[in-house]
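Written out below as structure tokens is the structure these notes cover.
There are 2 protein chains.
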Amino acid sequence: MPAARPRQADATPTPRKATPRPRARPAAAPAGGVPFVQAVDASFLESLLGYNARRAALAVIDVFLQRMAAYGLRPVDFSVLSLVVHNPGITSRQLCTTLGILPPNLVNLVASLQERGLIDRLPHPRDGRATGLHPTAAATKLMQKAERTAADLEADVAARLAPGEVATLLRLLRKLYAGD
Amino acid sequence: MPAARPRQADATPTPRKATPRPRARPAAAPAGGVPFVQAVDASFLESLLGYNARRAALAVIDVFLQRMAAYGLRPVDFSVLSLVVHNPGITSRQLCTTLGILPPNLVNLVASLQERGLIDRLPHPRDGRATGLHPTAAATKLMQKAERTAADLEADVAARLAPGEVATLLRLLRKLYAGD
DNA sequence: TATTGTTATACTCTATAACTATA
DNA sequence: TATAGTTATAGAGTATAACAATA
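Protein chains in written order, with the numbering used here: chain A, 1 to 180; chain B, 181 to 360.
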């Protein structure tokens, strides 16, 4: 990464003027006037996988966010707790690798869950450098409900698709990021 | 949101102790000892659409980010410029609605593109409150190459899928966020 | 020497309130 | 009054460098 990308820099003073644009395919404008847009044409963007995958992810995650608020869990909290419940003794490093979180950014997240009484931290039995993360009884109970809610949400979203399309979609999505 | 999430606070002293966990399905640990994890089980998360859609989006966008760096364009810059090129005279409001960006966050973005000589701003011919955004010749030239690069990238990603699966994937993704 | 976990820090992204000019 | 654009600002999310303890 080259740095921060300056805001006010300059490089190009932007003199270029406002070429009257003689008759260059007006978007939705009259004859020779300044064109304006009535209906936005986003067809090119909509042809891109990244654009569509991001929009779909945001739509699903938005619903996820709303329903998990009842448990005081953001998506990342849910992900971490789910992994801890299903993998008692998992280390921070393993969480980071699995979820793509950087270690410094996991510290406060885990500390917060510990303060809420959802995670116990015990010395790792094989590696003195590491700390094992263990679900408390409260966490196990909470995640039973939360994962049920997630499954319900999944069913609701699946209702937008035809039977079998959910499995197809999951399979294709996994093929996209497999190996990353 | 309750605030900043305290660092060392306390609230719950986390006494809960380390329940020896008699024989409760050890993740990968021996008999009665503290369990630890050898291979992380992420099967539940991997069954969720949101999780997979997000990972796929991030994987694709990451490649996008790398290749567009050659043009000095982040994904959002590409999206904005693409819409401006295909919709000369589009307004900030129309960009925000199409891309899901909040107006205050578009201001510096557009200003930056204008400083780079890629966008001209002209008064809207029908609405005195609005400003039409127009591509400069440099922007048109740049986006011809950038959109070609995006199409190439699309083909590379599509190589991971069988013929026809890309169309299927796009169709299913759109069904997920349709109406949002 | 390499790795785990941590602190401090900085940059980016996203969100809200409030203001102006025009419709 | 409602909308387009803007400013200022706050809050998440994400990133790097550097350190202590252990492997």
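Ideal Cβ positions, reconstructed from N, Cα and C, are used throughout, including at glycine.
- Query: Since residue 41 (chain A) is in the beta strand (DSSP E), which residue starts that stretch and which ends it?
  - Reply: Numbered from its first residue, the first sequence carries residue 41 (chain A) at position 41. Here residue 41 (chain A) belongs to no beta strand (DSSP E), and DSSP marks it neither H nor E.
- Boundaries of the alpha helix (DSSP H) in which residue 235 (chain B) is found, first to last residue: Here residue 235 (chain B) corresponds to residue number 55 of the second sequence, with the count starting at 1. Unbroken alpha helix (DSSP H) run through residue 235 (chain B): 229-248.
- Quick one: Cα of residue 302 (chain B) to Cα of residue 271 (chain B), how far? Mapped onto the second sequence, residue 302 (chain B) falls at position 122. Mapped onto the second sequence, residue 271 (chain B) falls at position 91. For residue 302 (chain B) and residue 271 (chain B), the distance between alpha carbons rounds to 10 Å.
- For chain B, find out if any of its Cβ atoms is closer than 8 Å to the Cβ of residue 94 (chain A); answer yes or no. Along the first sequence, read from residue 1 onward, the residue named residue 94 (chain A) stands at position 94. It does; some Cβ of chain B falls within 8 Å.
- Task: Output, in chain order, the set of chain A residues within a Cβ distance shorter than 9 Å of residue 289 (chain B).
- Result: Indexing the second sequence from 1 puts residue 289 (chain B) at position 109. Those do not exist, as residue 289 (chain B) stays about 10 Å from chain A at its closest Cβ, beyond 9 Å.
- Task: State yes or no: is the beta carbon of residue 41 (chain A) nearer than 8 Å to at least one beta carbon in chain B?
- Result: Against the first sequence, residue 41 (chain A) aligns to sequence position 41. Residue 41 (chain A) counts as touching chain B.
- Residue-level contact to chain A via CB, residue 348 (chain B), 8 Å cutoff: Position 168 of the second sequence holds residue 348 (chain B). Taking Cβ atoms only, chain A reaches closer than 8 Å to residue 348 (chain B), which makes this a yes.
- Message: Against chain A, does residue 321 (chain B) count as a neighbour if the rule is that its beta carbon must be under 8 Å from one of theirs?
- Response: Here residue 321 (chain B) refers to the residue found at position 141 of the second sequence. It does not: the Cβ of residue 321 (chain B) has no partner Cβ on chain A nearer than 8 Å.
- When DSSP labels each residue in this structure, what does residue 268 (chain B) get in the three-state scheme? What you label residue 268 (chain B) is simply residue 88 of the second sequence in a count that begins at 1. DSSP places residue 268 (chain B) in coil when its eight states are reduced to three.
- Task: In the DSSP assignment, find the unbroken alpha helix (DSSP H) run with residue 205 (chain A) in it and report its ends.
- Result: Residue coverage of chain A in this structure runs from 1 to 180, which leaves residue 205 (chain A) outside it and unanswerable.
- Item | Extent of the continuous alpha helix (DSSP H) to which residue 283 (chain B) belongs | Residue numbering aside, residue 283 (chain B) sits at position 103 when the second sequence is read from its first letter. That run of the alpha helix (DSSP H) goes 283-295.
- What do you get for residue 87 (chain A), buried or exposed, if any count of 16 or more other CB atoms within 10 angstroms of its CB means buried? The residue given as residue 87 (chain A) occupies position 87 in the first sequence. By the 10 Å Cβ count, residue 87 (chain A) comes out buried.
- Item | residue 54 (chain A) versus residue 236 (chain B) - alpha carbon distance | Here residue 54 (chain A) refers to the residue found at position 54 when the first sequence is read from its first residue. Here residue 236 (chain B) refers to the residue found at position 56 when the second sequence is read from its first residue. So the two alpha carbons sit approximately 8 Å from each other.
- Item | residue 38 (chain A) versus residue 102 (chain A): straight-line alpha-carbon distance, rounded | Position 38 of the first sequence holds residue 38 (chain A). Position 102 of the first sequence holds residue 102 (chain A). The straight-line gap from Cα to Cα measures roughly 44 Å.
- Query: Tell me, which residues are paired with residue 135 (chain A) by DSSP?
  - Reply: For this step, residue 135 (chain A) is matched to residue 135 along the first sequence. BP columns for residue 135 (chain A) point to A:119.
- Query: Can you find a CB in chain B that lies within less than 8 Å of the CB of residue 105 (chain A)?
  - Reply: Position 105 of the first sequence, counted from the first residue, corresponds to residue 105 (chain A). So no, residue 105 (chain A) is outside the interface.
- Query: For chain A, is any of its Cβ atoms less than 8 Å away from the one on residue 251 (chain B)?
  - Reply: Locating residue 251 (chain B) in the second sequence gives position 71, where the first residue counts as 1. Closer than 8 Å: no.
- Query: Which term fits residue 246 (chain B), buried or exposed, when burial requires 16 or more other beta carbons within 10 angstroms of its beta carbon?
  - Reply: Taking the second sequence and counting its residues from 1, one reaches residue 246 (chain B) at position 66. Answer is exposed; the Cβ neighbour count stays below 16.
- Check the Cβ of residue 98 (chain A) against every Cβ in chain B and list those closer than 7 Å, keeping chain order. On the first sequence, residue 98 (chain A) is found 98 positions in, with the first residue counted as 1. Correct list: 220, 222.
- Message: Would residue 50 (chain A) and residue 346 (chain B) qualify as a contact pair, given that the criterion is a beta-carbon distance under 8 Å?
- Response: Stepping through the first sequence from its first residue, residue 50 (chain A) is reached at position 50. Stepping through the second sequence from its first residue, residue 346 (chain B) is reached at position 166. Contact flag unset, no.
- Task: Pick helix, strand or coil for residue 25 (chain A), following the three-state DSSP scheme.
- Result: For the purposes of this step, residue 25 (chain A) is taken as the residue at position 25 of the first sequence. In this predicted model, residue 25 (chain A) has a pLDDT of only 47, less than 50, meaning its place in the structure is not dependable; the value taken from the coordinates is given anyway. Residue 25 (chain A): coil per DSSP, three-state reduction.
- Could you tell me whether the Cβ of residue 129 (chain A) comes closer than 8 Å to any Cβ of chain B? Here residue 129 (chain A) refers to the residue found at position 129 of the first sequence. False, the Cβ-Cβ gap to chain B never drops below 8 Å.
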